[in-house]
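Participant: Below you will find the structure I want to go over with you.
Protein chains: 4
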Amino acid sequence: MSLRVAVVGLGYWGPNLARNLGVLPDVEVAWLCDGSPEALAHHAPSHPGAQHAGTLDEVLADASVEAVVLATPVGTHAALAEQVLRAGRHCFVEKPLAQSVADAERVVDAARESGTVLMVGHLLQYHPGVAKLRELVESGELGDVHYIYGNRLNLGKLRADENALWSLGAHDVSVVLHLLGEEPSEVSARGASYMREGIEDVVFCFLRFPSGRAAHLHLSWLDPHKERRFTVVGSKRMATFDDMALEQKITVYDKGFDQDASTYGEYITRSGDVYSPTIGNREPLRLECEHFVACIRDGAEPVSGAESGLRVVRVLEALQESLDASRAT
Amino acid sequence: MSLRVAVVGLGYWGPNLARNLGVLPDVEVAWLCDGSPEALAHHAPSHPGAQHAGTLDEVLADASVEAVVLATPVGTHAALAEQVLRAGRHCFVEKPLAQSVADAERVVDAARESGTVLMVGHLLQYHPGVAKLRELVESGELGDVHYIYGNRLNLGKLRADENALWSLGAHDVSVVLHLLGEEPSEVSARGASYMREGIEDVVFCFLRFPSGRAAHLHLSWLDPHKERRFTVVGSKRMATFDDMALEQKITVYDKGFDQDASTYGEYITRSGDVYSPTIGNREPLRLECEHFVACIRDGAEPVSGAESGLRVVRVLEALQESLDASRAT
Amino acid sequence: MSLRVAVVGLGYWGPNLARNLGVLPDVEVAWLCDGSPEALAHHAPSHPGAQHAGTLDEVLADASVEAVVLATPVGTHAALAEQVLRAGRHCFVEKPLAQSVADAERVVDAARESGTVLMVGHLLQYHPGVAKLRELVESGELGDVHYIYGNRLNLGKLRADENALWSLGAHDVSVVLHLLGEEPSEVSARGASYMREGIEDVVFCFLRFPSGRAAHLHLSWLDPHKERRFTVVGSKRMATFDDMALEQKITVYDKGFDQDASTYGEYITRSGDVYSPTIGNREPLRLECEHFVACIRDGAEPVSGAESGLRVVRVLEALQESLDASRAT
Amino acid sequence: MSLRVAVVGLGYWGPNLARNLGVLPDVEVAWLCDGSPEALAHHAPSHPGAQHAGTLDEVLADASVEAVVLATPVGTHAALAEQVLRAGRHCFVEKPLAQSVADAERVVDAARESGTVLMVGHLLQYHPGVAKLRELVESGELGDVHYIYGNRLNLGKLRADENALWSLGAHDVSVVLHLLGEEPSEVSARGASYMREGIEDVVFCFLRFPSGRAAHLHLSWLDPHKERRFTVVGSKRMATFDDMALEQKITVYDKGFDQDASTYGEYITRSGDVYSPTIGNREPLRLECEHFVACIRDGAEPVSGAESGLRVVRVLEALQESLDASRAT
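Protein chains in written order, with my numbering: chain A, 91 to 419; chain B, 91 to 419; chain C, 91 to 419; chain D, 91 to 419.
Next comes the structure, spelled out in structure tokens:
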């Protein structure tokens, strides 16, 4: 029998999620939900079988709806997700899970108590390039990871409800935690807002981990360059995942310093072969939707599940506190 | 009559400075000085007219020497520069001027009291690309400068006597101060050392200025990429100086956000023409040497003179304190 | 009243054309036509108002159809276009118009005699980048055009019914003729086939024009690089249209040789400013469809009309003859 | 005992050759020779031990001179080389060996009859990148080579004594022959001259080989781009040698078409891993000079020896004939 899914919020991501879910085998987009009748009318033709609702309550009143996808404004994520979970439905919520740790914890509690699946839309965790990067890290091919840095720059859409840390950095934080598998013991953020008072357009984050590893994020929607890139520096090799590259998104550099056997304490620069392994060419969004459905069917914890989503919010909140403290001085 | 110059320290930069000074009109490389007889012998053929010395004292004993160029290890800069200035000679010292503000101030005092020229080898300030960037900033072509960031990355030479902040960052700090013309009111640095205990291989710096402008530096000699780049984000336009580009080192982007006249508080993304003005193709090192000689002749204050060099050390020291404080937590 | 259009051939381009025509104001996709019932069924949902036909005859039997879009296999272009035009309907036919000059001339005759619009789908002529390139050529900004070269390389789809000259080169030939406004007086082509006997995978073409200007095309679907680029070398400036660039598709170089006033017959290399003007960001396919409809409404000759399409076939046929002659030796 | 070498012609290449020969063990630059006393005076300080001559006769009068390096204007290569060889001395002559096959054959005859070493300065044959490319070709790693193409573009120095074919193309022809090991059975060239009557600024060459392999050269000194690149397309893999890249000069692409086992005659596009092997970082010019000296010492035939240099001239002359024939039509 088909899994009946409701998609709530028909802004940018909602319709994309609906389209990708709609083509999966044995998945039915049963409801489209948005407060705007125009939005519903606009997207109706693409999902002729779906019913329309103006509120989440209407959707949840249909007992046959098993899963709800939330692509609503960020300020509503936590409350709506909690409502969905408390109603005993599986919930996919766009990133970030919440705008505070307290809110995120309430959602995670709801998921645990309801025994349903909670998945956060940390899309990059489903990108084949990130999967390859993780494989390189975990296989030891890079040696010990020293540090990671992410560059997410663009002349992008200014947001009024999120700063660059929460809007852009949620991606990078989720990837860094995914790659390193530990939470930072020290975080620091600095930024500045130029376009809208109090909404940072550019943010720099530093994270230090208990293992001694470090990460840095350079986030900006006010930049002449368009960069979406991670660099991992390991003791044996270094690797880059460049999502703006049309081909060769992953590059592994046999670069580093070798101890000079002939001298004490001297190092020799090693600059060896460079290679770009192929990565799968499937769309991250499709893979993400498939994963959500598979976790529901198998009762499995999603890669970007409750705990994972909470960890991201925990780091974002800590970074925001550092940002606020710096601004206050 | 020829200006008689002594070059002290025949490592990497000393011979380059000697070569560039030696071809200037009415300049004579009168002395080569190094503690190593092998180094002296190796460079002797390029300067057949120069006398050789093993110590600065010998050089200063020659009353006809008017100017001394110091390209010695960084730990000796301040003491030797003070000695040169107190001996009434003009002094060019490689960057940074000193390893502490206290030391730098002593040198600056010596320069003021002796009335001689003190110039610090902040080479980038003599780069035609930086000159063009400054022209763009000062002409208002970029509008108000919002922030600047520098990327100085490489798989480079590991140093034992300086970390990446002092070795690489001295360049970037000098350029940022040169472009903005003010000193930061808040600085923050984070970094990590992997190759040698206590010597940071990678450092991230944030500077906030009284005007509200900001700067960020990403410094590393442990990176797969080779980047030497400044990006200036202004309210009207953005510009990049990319020193790794073979051509088109300067690029100006007509990019930004414009207030939408038809709505309240909304912004429209503007992505207009891009252009790369030509810049002079003269070598920064030659220009730097010419400037030193011209300042001596005209009794002028060098662009990277005493106060300028002191300001750079002040910022580096403050960044180092932030780095140390973070490490200690 | 709406213009009723039939789209014939539902392979790759047909559905794209139907989709773009379908959203134009006062245009109705009245018929979808394809010999394959599966293809019709697959595309039916996107055009719920369209009737279905298995043959062109059925379509033409509907007297209310005013225009027919042909996106059928290349071998059928000429015969079907002639049938459409002789039936008094306007015709858009995918490039190339025909596989021989004789066939193309029959179609052009049919268009002239029927007084209807014939337009050939030379898509690049509707690309804002080509429009900008033409503007640069015609405004004299480049000086006199010396020569143009095109690179169209890829690891692409092998074709069994066309070689790289006809499949890829039709684009480049149409652009070169569009930019220069004259037909070549000398053509030469060389190529080689590796994957399928007699079907060239790589072709090099040289064209010399009566004015002395020249053009070269490098065409290949068996190449590690992906290039889609035109370079125009003029007496004053040079320009590139790089369709693979995400931004800055057009670049103008103030480069060339200047007569040295101080010597006789010597030249000085000039390497001045480089700039990238913005170009419109509208989709060429949408612009092409709008142009077809506008020409029907205004009774105007399309930019890529009958004579233009015939000229392209004339040049392609001459190049093919050169290719065959070389192969025979 | 030291090998005594004379360097004749102190324009651009002569001094470079002298400098590189001068530092080799047991090699002595015994004579500098140039018709211009100013040129001799200018380069004298770099070779304090060398005697000076205004003519080749003076040099050859010194019986202790064993080898002569000719870096004179291209029109003099053949006659001077013949004189050197007939005088029983080893001869290195800058490329091309001669401006006609007849002249080149006379020099080759002289070398054979004198039993001395004749080496032509086809510098690229000593480039580690070309060596790696050849290794890739010969090891079968690329499969069967289908075709090679070279791009040598620049806004370069206009020449009055050579067109772009002879000046730039001599490099590419020598590399193509070196890589393929056979001589072309069909050649074709087209070009155009804009700056000086009769001196082609841009030339396109096509070569077809008895094995069915092909090559194409795009040569121009009137171009906005700076390219120095070879691409080799093989049946299994493709490779590029890009001499403008700062790193990763060689790239191997696991790209091609594979027969689809499930269908008859269909192909599947394969786009696999990409890698850049390290290549040696020694200067080609140094390697070339070492090779000349080694061949003299070992009595070996140089890689770019008499027969090899003659083959290049044979191909260039055939290409020039094609160019002339086209121009005449």
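A virtual CB, placed ideally from N, CA and C, is assigned to each residue, including glycine.
Owing to the predicted nature of the structure, the values given are computational and were not obtained by experimental measurement.
What does Gly362 of chain B touch in chain C if you count any residue whose Cβ is under 8 Å from its own?
Facilitator: Thr368
Participant: Just to confirm my understanding: we take Glu290 of chain A, look at its own chain, exclude 5 residues before and 5 after, and list those with CB closer than 7 Å. What are they?
Facilitator: Taken in chain order, the residues that qualify are Asn253, Ala254, Leu255, Gly281, Ala282, Ser283, Leu413.
Participant: Residues in the same chain with beta-carbon distance under 6 Å from Ser258 of chain D, minus the five sequence neighbours each way, listed in chain order, please.
Facilitator: It is worth fixing the name first, because residue 258 of chain D is Leu in this sequence and not Ser. Around Leu258 of chain D: Arg242, Leu309.
Participant: Going by other Cβ atoms of all chains shown within 10 Å of its Cβ, with 16 needed for buried, is Arg179 of chain D buried or exposed?
Facilitator: buried
Participant: Does the separation of the CB atoms of Arg202 of chain A and Ala168 of chain A fall below 8 Å?
Facilitator: no
Participant: To which residues of the same chain is Val220 of chain A closer than 6 Å at the C-beta, ignoring the five residues directly before and after it?
Facilitator: Leu214, Val265
Participant: By Cβ distance below 6 Å, which residues in the same chain neighbour Met328 of chain C in space, the five residues on each side in sequence not counted?
Facilitator: Beyond the five residues adjoining it in sequence on each side, Met328 of chain C comes within less than 6 Å, by CB distance, of Tyr343, Lys345 in the same chain, given in chain order.
Participant: Which ranges does the alpha helix (DSSP H) cover as unbroken runs of at least 4 residues, wholly within the segment 104-181 of chain C, from first to last along the chain?
Facilitator: 127-133, 146-150, 167-176
Participant: Mind listing the chain B neighbours of Phe296 of chain A? Cutoff is C-beta to C-beta under 7 Å, in chain order.
Facilitator: Arg280, Phe294
Participant: How many whole angstroms separate the CB atoms of Cys385 of chain B and Glu391 of chain B, which I take to be in contact at a CB cut-off of 8 Å?
Facilitator: 7 Å
Participant: How many Å lie between Pro218 of chain D and Ser325 of chain C at the Cα?
Facilitator: 37 Å
Participant: Quick one, which of D:Gln189, D:Glu156, D:Arg372, D:Phe299 has its alpha-carbon nearest Phe182 of chain D's?
Facilitator: Selected option, being the one with the closest Cα: D:Glu156.
Participant: Please list, in chain order, the chain D residues whose beta carbon lies closer than 7 Å to that of Gln338 of chain A.
Facilitator: Val364
Participant: Looking at Gln420 of chain D: is its Cβ nearer than 8 Å to the Cβ of Val364 of chain A?
Facilitator: Residue 420 of chain D lies beyond the residue range present for chain D, which begins at 91 and ends at 419; the question has no answer from this structure.
Participant: Looking at the C-beta of Thr359 of chain C, does it have a partner C-beta in chain D at a distance below 8 Å?
Facilitator: yes
Participant: So, does the CB of Lys345 of chain B fall closer than 8 Å to a CB anywhere in chain A?
Facilitator: Yes, because at least one Cβ of chain A sits closer than 8 Å to the Cβ of Lys345 of chain B.
Participant: Quick one: what's got a C-beta closer than 6 Å to Asn110 of chain B's C-beta in the same chain, skipping five residues either side?
Facilitator: Leu375, Arg376, Cys379
Participant: CB Ala194 of chain B to CB Leu187 of chain B, shorter than 8 Å?
Facilitator: Their beta carbons are under 8 Å apart, which means Ala194 of chain B touches Leu187 of chain B by this criterion.
Participant: Among D:Gly99, D:Tyr237, D:Ala279, whose alpha-carbon lies nearest the alpha-carbon of Pro300 of chain D?
Facilitator: Of the candidates D:Gly99, D:Tyr237, D:Ala279, the residue whose Cα lies closest to the Cα of Pro300 of chain D is D:Tyr237.
Participant: The beta strand (DSSP E) that contains Gly422 of chain A, what's its start and end?
Facilitator: No answer is possible for residue 422 of chain A: the residues shown for chain A start at 91 and end at 419.
Participant: From which residue to which residue does the alpha helix (DSSP H) around His236 of chain B run?
Facilitator: Looking at the DSSP string, His236 of chain B is not in any alpha helix (DSSP H); the run it does join, the beta strand (DSSP E), is 235-245.
Participant: Assign Pro218 of chain D to one of three DSSP states: helix, strand, or coil.
Facilitator: helix
Participant: Arg274 of chain D versus chain C: which residues are under 9 Å apart at the beta carbon?
Facilitator: Rather than Arg, the amino acid found at residue 274 of chain D in this sequence is Pro. Ordered by position in chain C, no residue passes the 9 Å Cβ test against Pro274 of chain D, which lies about 12 Å from the chain.
Participant: Please go through the same chain and pick out, in chain order, the residues whose beta-carbon is closer than 8 Å to the beta-carbon of Val113 of chain B, but skip the five residues on each side of it.
Facilitator: none
Participant: Roughly how many angstroms separate the alpha carbons of Arg417 of chain B and Pro274 of chain B, rounded to a whole number?
Facilitator: 22 Å
Participant: Hey, Leu175 of chain B and Leu208 of chain B: beta-carbon distance below 8 Å or not?
Facilitator: For the 8 Å CB-CB criterion, Leu175 of chain B and Leu208 of chain B form a contact.
Participant: Which residues in the same chain have their Cβ closer than 8 Å to the Cβ of Val405 of chain B, if we skip the five residues on either side of it in sequence?
Facilitator: Val263, Leu267, Glu273, Pro274, Val277, Leu297
Participant: Would you verify that the beta carbon of Ala304 of chain C is, or is not, closer than 8 Å to some beta carbon of chain D?
Facilitator: yes
Participant: Out of curiosity, what's the CA-to-CA distance linking Asp124 of chain D and Glu118 of chain D?
Facilitator: 18 Å
Participant: At the 8 Å Cβ level, is Val323 of chain A part of the contact set with chain B, yes or no?
Facilitator: yes
Participant: Could you tell me the boundaries of the alpha helix (DSSP H) in which Glu378 of chain D lies?
Facilitator: Its alpha helix (DSSP H) spans residues 374-388.
Participant: Quick check on the DSSP output: the beta strand (DSSP E) that includes Asp313 of chain A runs from which residue to which?
Facilitator: 312-324
Participant: Given a threshold of 16 other Cβ atoms within 10 Å of its Cβ, counted over all protein chains shown, does Ile340 of chain A qualify as buried or as exposed?
Facilitator: buried
Participant: For the beta strand (DSSP E) holding Leu93 of chain A, just list the boundary residues, first then last.
Facilitator: 93-98
Participant: Going by alpha carbons, who is nearest to Val158 of chain C out of C:Glu397, C:Ala134, C:Glu184, C:Pro135?
Facilitator: It is C:Glu184 whose Cα lies nearest to the Cα of Val158 of chain C.
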